[in-house]
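A short worksheet on the structure shown next.
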Amino acid sequence: HGWQRRGTDGGPYSRWTPPGGTTSLLVPRTRTFPDSEDLLAEALTALARSAAPSAREILVALAVPSDEIRWHREVPEPAAGAADWLGAEQLHGAARQILLAGALAVRGTAGYHGAR
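Per the working numbering, the sequence shown starts with residue 16, numbered consecutively.
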């Protein structure tokens with residue numbers, strides 16, 4: 016949405032500025048600090064009051080669940096609606112890889128979550 020993080024990566028907070036840099040939001044990196052909920056509430060209020068189109072886009076993106084993953088097969092099903100063994104194993108393997116990549120992303124940033 017064009018917002019950029021300012022400052023260092025290691026601190027307890029991050030400062031975000033919109034395109035044009037007229038204002039900024041202070042966002043806690045974790046909820047472990049006593050004022051983290053207050054800061055999050057202030058950031059959401061500031062986004063709601065902002066006239067910037069990007070602020071509205073961010074609020075809409077936050078309102079939509081983004082951690083849902085759905086899979087479906089786009090090949091004809093075998094008789095009686097049962098998936099063939101190999102196809103089911105491939106689907107489960109792909110699901111495991113995506114969930115593992117998500118779990119690794121929460122622990123820290125990395126460019127690639129494949130075979131290490």
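Note that beta-carbon positions come from the ideal geometry of N, C-alpha and C, so glycine has one too.
Fair warning: this is a prediction, and the values are worked out from it, not measured in the lab.
Beta-carbon within less than 6 Å of residue i's beta-carbon, same chain only, minus the 5 sequence neighbours each way: which residues are those?
i   : result
P33 : W18, A67 and S69
S51 : P43
R30 : R21, G22, S39 and L41
Quick one: what's residue i bridged to in DSSP?
i   : result
A21 : For clarity, residue 21 is Arg in the given sequence; the question names Ala instead. According to DSSP, which records beta bridges pairwise, R21 is partnered with R30.
Determine the DSSP secondary structure at residue i, reduced to helix, strand or coil.
i    : result
P68  : helix
R111 : helix
G117 : helix
Taking the beta strand (DSSP E) that residue i belongs to, which residues open and close that run?
i   : result
P43 : L40 to P43
Contact defined as beta carbons within less than 8 Å: I believe residue i pairs with residue j. What is the distance between those atoms, to the nearest angstrom?
i   : j   : result
L59 : P43 : That pair is no contact at about 13 Å.
Near residue i, what residues of its chain come up, given a Cβ to Cβ distance below 7 Å and the 5 sequence neighbours on each side ignored?
i   : result
Y28 : L41, V42, P43 and R44
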